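Here's the structure we're looking at; comments come further down.
Numbering (our numbering), first residue to last: 1 to 212.
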């Protein structure tokens, strides 16, 4: 069993690599590698797409790594490999991102990535720090997780999902902010599981043992 964390120059992947490798050892989840090799992405059993920074820059970098991009799309769309998007990696699953300019996403989960606009002016943007999950739909990724468990967020834009069934969890930040999305063999987390202590590690372990 091989899990590939895709490196398309979107940020420092060291902490994510260590968290996934730790949980792979704990749940007997096989090997975890960080890779920019399209052949490794193509043969991986699970794929993780992280992302830090602005949506347009991440989308451009991902599509610019054409061998990786094409291998990832084929693995997910045609071969049904389990996929996890993290932070901007989750946002890239959307139809369109509206940060700075309209930018096409992967279109795997229909919806738009828009700026967070809290109803309470005392709430600052970016949404940064710990917030409590509200689980909207049961999913294997939430095994051992309950509403009220908290995760660590750092973001100014969020994913407005068209189909409520594909928003698996949200948080309250002067209004609903999507926290977890999913359909078929794909899930995405707006927060950083590798920075979310025991709850985040549990969700990483759940992904590594998920058999959709």
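Beta carbons: idealized from backbone N, C-alpha and C, even for Gly. Keep in mind it's a predicted model, so treat the numbers as computed, not measured.
task: Measure from the C-beta of residue 23 to each C-beta in chain D and report whether the shortest distance is under 7 Å.
output: Chain labels in this structure do not include chain D; a single protein chain is all it has.
- prompt: With distances taken between CB atoms, is the gap from residue 110 to residue 96 smaller than 7 Å?
  reply: As a first step, residue 110 must be located in the chain shown, where it is residue number 110. As a first step, residue 96 must be located in the chain shown, where it is residue number 96. No, Cβ-Cβ distance for residue 110 and residue 96 is not below 7 Å.
- request: Take residue 187 as the anchor and find which of 69, 83 and 50 has the nearest alpha-carbon.
  value: The residue you call residue 187 lines up with position 187 of the chain shown. The option with the nearest alpha carbon to residue 187 is 83.
- prompt: Using DSSP with H/G/I as helix, E/B as strand and the rest coil, what is residue 118?
  reply: Start at 1 with the first residue of the chain shown, and residue 118 comes out as number 118. Coil at residue 118, not helix or strand.
field: Per-residue DSSP class, three states only, for residue 20
entry: Locating residue 20 in the chain shown gives position 20, counting from the first residue. Looking at residue 20 - three-state DSSP - the assignment turns out to be helix.
message: Cutting at 6 Å between CB atoms, please list the residues of its own chain near residue 38, excluding the five before and the five after it.
response: On the chain shown, residue 38 is found 38 positions in, with the first residue counted as 1. These residues qualify, in order along the chain: 67, 68 and 71.
task: Out of 28, 86, 26 and 1, point me to the one whose CA is closest to residue 7's CA.
output: Translated into positions along the chain shown, residue 7 becomes position 7. Closest by alpha carbon: 86.
- prompt: How should residue 50 be labelled, buried or exposed, when 16 other C-beta atoms within 10 angstroms of its C-beta is the threshold for buried?
  reply: Taking the chain shown and counting its residues from 1, the one referred to as residue 50 is at position 50. Classification for residue 50: buried.
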